[in-house]
Structures are given as C-alpha cells and as structure tokens.
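Have a look at the structure below, then the notes.
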Amino acid sequence: MDKFKQWLINQHQAKKLYQQELTQCLFKPSSYVQQIENGEHILEIMEYLEYCKVLDADPREGIALIDLAISSF
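The opening residue of the sequence shown carries number 651 in this note's numbering; numbering runs sequentially from there.
Next comes the structure, spelled out in structure tokens:
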C-alpha cells in the first residue's frame, strides 16, 4: 500500500498543489489529505474517485497499485 500512498502524493505534487490547497478543493478539513497520506484515513471509493477527479488523475492507476499489493500477500 506504500506505493499507492506515494502515488497519491505524486498526483497532487504533479498538479503543484500543497496538501492545504487540495483539502480546500475537496471541501474537507485541513488535516484530511495529511491523514490519507500518513495512512491514518482509508479512502472510501467515492472519496477516492472525487480525489482523483480533483487531481485529474486516472483512478484505475491507483486501483492497479492496490491490486498489485493485494496479490503479493
């Protein structure tokens, strides 16, 4: 799952957004993105899709990373 978290970080950095700016775009509390990136909050599917939409990221890429992590168990 570390690759997935890093992918999320890379997506907002590629958009040149700070965590605070991303939380504002998502209309979430200021600690929201930090909690996700630290593994303290697990995204529900609808949250994940909104996250990807705001970042203009392909959600299938992140899901592929999750699938890869699960298949290595």
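The C-beta atom is built at its ideal place from N, Cα and C for all residues, glycine as well. Here the structure is a predicted model, which is why all the values come from computation and not from measurement.
- Item | Which of helix, strand or coil DSSP assigns to residue 667 | The DSSP-derived three-state label of residue 667 is coil.
- Query: Three or more beta-carbon pairs under 8 Å between the stretch 710-718 and the stretch 680-687, yes or no?
  - Reply: In the pairwise beta carbon analysis, the stretch 710-718 is classified as not touching the stretch 680-687: fewer than three pairs are separated by under 8 Å.
- Item | Continuous alpha helix (DSSP H) stretch holding residue 717: start and end | That run of the alpha helix (DSSP H) goes 709-721.
- Query: So, are the CB atoms of residue 701 and residue 667 less than 8 Å apart?
  - Reply: One thing to note: residue 701 has its Cβ no nearer than 8 Å to the Cβ of residue 667.
- Message: Checking 8 Å against the spacing of the C-beta atoms, do residue 697 and residue 657 come in under that value?
- Response: Cβ distance not < 8 Å, so residue 697 and residue 657 don't count as in contact.
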